[in-house]
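The structure under discussion appears below in the form of structure tokens.
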Amino acid sequence: MACSATRHPTLGTLPDRHRNMAGLKSHPGREGGPSRRSQTRRAAGVIGAAAKHHAAQLLISAFASPVCFSQACQEATDRAFLIAMAVPLLVAAAAAAYVLRPPPADLTASGRIFEDPATGTRFEAPEGVTPERDKNGELAFRPISYTPWPVDQDYEGERVRIAVGPVGARQLRTYVFARSLPVPSDILTVTLPRPLGVVLEYDERFRRATVVDLIEGTNADQRRKKAALNSDLVKDAVLPGDILRAATATNFVYPTKALFGAAPPERHIVVYGADKQSWSSICAALKKGEVKDGDVTLVLERRRPRPPKEPESSVSDLFA
Numbered sequence: 001m002a003c004s005a006t007r008h009p010t011l012g013t014l015p016d017r018h019r020n021m022a023g024l025k026s027h028p029g030r031e032g033g034p035s036r037r038s039q040t041r042r043a044a045g046v047i048g049a050a051a052k053h054h055a056a057q058l059l060i061s062a063f064a065s066p067v068c069f070s071q072a073c074q075e076a077t078d079r080a081f082l083i084a085m086a087v088p089l090l091v092a093a094a095a096a097a098y099v100l101r102p103p104p105a106d107l108t109a110s111g112r113i114f115e116d117p118a119t120g121t122r123f124e125a126p127e128g129v130t131p132e133r134d135k136n137g138e139l140a141f142r143p144i145s146y147t148p149w150p151v152d153q154d155y156e157g158e159r160v161r162i163a164v165g166p167v168g169a170r171q172l173r174t175y176v177f178a179r180s181l182p183v184p185s186d187i188l189t190v191t192l193p194r195p196l197g198v199v200l201e202y203d204e205r206f207r208r209a210t211v212v213d214l215i216e217g218t219n220a221d222q223r224r225k226k227a228a229l230n231s232d233l234v235k236d237a238v239l240p241g242d243i244l245r246a247a248t249a250t251n252f253v254y255p256t257k258a259l260f261g262a263a264p265p266e267r268h269i270v271v272y273g274a275d276k277q278s279w280s281s282i283c284a285a286l287k288k289g290e291v292k293d294g295d296v297t298l299v300l301e302r303r304r305p306r307p308p309k310e311p312e313s314s315v316s317d318l319f320a
């Protein structure tokens, strides 16, 4: 009986070894050639390769333009192409109609729906709430991150006027800031050129940024030195300990017509509300802008100085 098994120097031929160890009988036709399992694996590999090749051919044919040799085939191809082009356009038109749909008539009549003319954003006031407007009829806002939110006319806080809008055509708008410190404080605005020269530190507990220092030689540092000599200039200077409540930044605003390519996006000066924002978001907002965009307005909250204690009077002073 011929045997083509590989000989091992110590174990002899592999078929002999397996027969001796397991006590199995020798069956002709099993020692020399490949086993039935190996034949099955080889056949499965051939079938798998053929299946992969067939799938690849189907994938290529799905993306390749068919070659038609009849009028009916060409008409079917053109029809499929038109459907593929029309469906996205119909979806886009439906989305545009939904975005630009007019508000309900009852809300418009009641005055609960109002629109920001700069961006086309519509706001809906809760029932029984009247949004605050300034003397020019413009809405008053409370900035939350980059979003200006209208406030109720009874909202408590300090009203400040900040120039916002398109770069080169800014207008004063009213923004409202409620005091956040538990001690007496003031809300003030300071306008500085870029670079600001202000060093901030982030408080993780209260999630706010506080001024800790001013860079030597900058405009902010010069104002602080002048304020130290003249108390009337303190309101125009940034001081260590001030809390950053908001800052102006340059942002791209997309009016409604710009969404459809009718007009490019516009560079606008917006107010970024820093309350409860992350440190990375605050830093990113302060970096948004260039020197050509104009000065930066900072909204700060400053603790009021404690009044000096009156000297204690003695008994002799009472009878003097």
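Using the UniProt record's numbering, read the sequence shown as starting at 1 and increasing by one per residue.
All C-beta atoms, glycine included, are put in the ideal place defined by N, C-alpha and C.
Just so you know, these numbers come straight off a predicted model, no measurement behind them.
Open item on the list: Can you give me the C-alpha to C-alpha distance between ALA178 and LEU172, rounded to a whole angstrom?
Closed with: 19 Å
Open item on the list: At the level of alpha carbons, what is the spacing between PRO305 and ALA93?
Closed with: 60 Å
TODO: Drop a sphere of 10 angstroms on the beta-carbon of ALA240, count the other beta-carbons inside from all chains shown, and report buried for 16 or more, exposed for fewer.
DONE: Looking at the sequence itself, residue 240 is Pro, so the reference to Ala does not match. Looking at its Cβ environment, which holds fewer than 16 other Cβ atoms inside 10 Å, PRO240 is exposed.
- [ ] Count the C-beta pairs between the region 152 to 161 and the region 223 to 232 that are closer than 8 Å, then say yes if the count reaches three, no if not.
- [x] no
- [ ] Give the DSSP-derived three-state secondary structure of VAL238 in the structure shown.
- [x] coil
Task: Among PRO308, TYR146, GLU301, MET85, nearest to ALA237 - alpha-carbon criterion - done: GLU301
Task: ILE282: first and last residue of the uninterrupted alpha helix (DSSP H) it sits in - done: 279 to 287
Open item on the list: Within a Cβ cutoff of 8 Å, which residues of the same chain sit near LEU214, ignoring the five residues on either side of it in sequence?
Closed with: GLY197, VAL198, VAL199, ALA220, ASP221, ARG224, VAL238, PRO240
TODO: Let me know if GLU201 comes out buried or exposed under the rule of 16 or more other beta-carbons within 10 Å of its beta-carbon.
DONE: exposed
TODO: Between the Cα of THR191 and those of PRO265, CYS73, ALA249, spot the shortest distance and give me the residue it belongs to.
DONE: ALA249
Open item on the list: Determine whether the beta carbon atoms of ASP152 and GLU132 lie at a separation below 8 Å.
Closed with: yes
TODO: Indicate the three-state DSSP secondary structure (helix, strand or coil) for ALA80 in the structure shown.
DONE: helix
Open item on the list: Using C-beta distances below 7 Å, list every residue in its chain close to ALA285, excluding the 5 sequence neighbours before and after it, in chain order.
Closed with: ALA247, ALA249, TYR272
- [ ] From the DSSP output, in three-state form, read off ARG303 for me.
- [x] strand
- [ ] Could you spell out the range, first to last residue, of the alpha helix (DSSP H) harbouring ALA228?
- [x] 219 to 229
TODO: Assign PRO88 to one of three DSSP states: helix, strand, or coil.
DONE: helix
TODO: To the nearest angstrom, report how far apart TYR175 and PHE81 are at their CA atoms.
DONE: 53 Å
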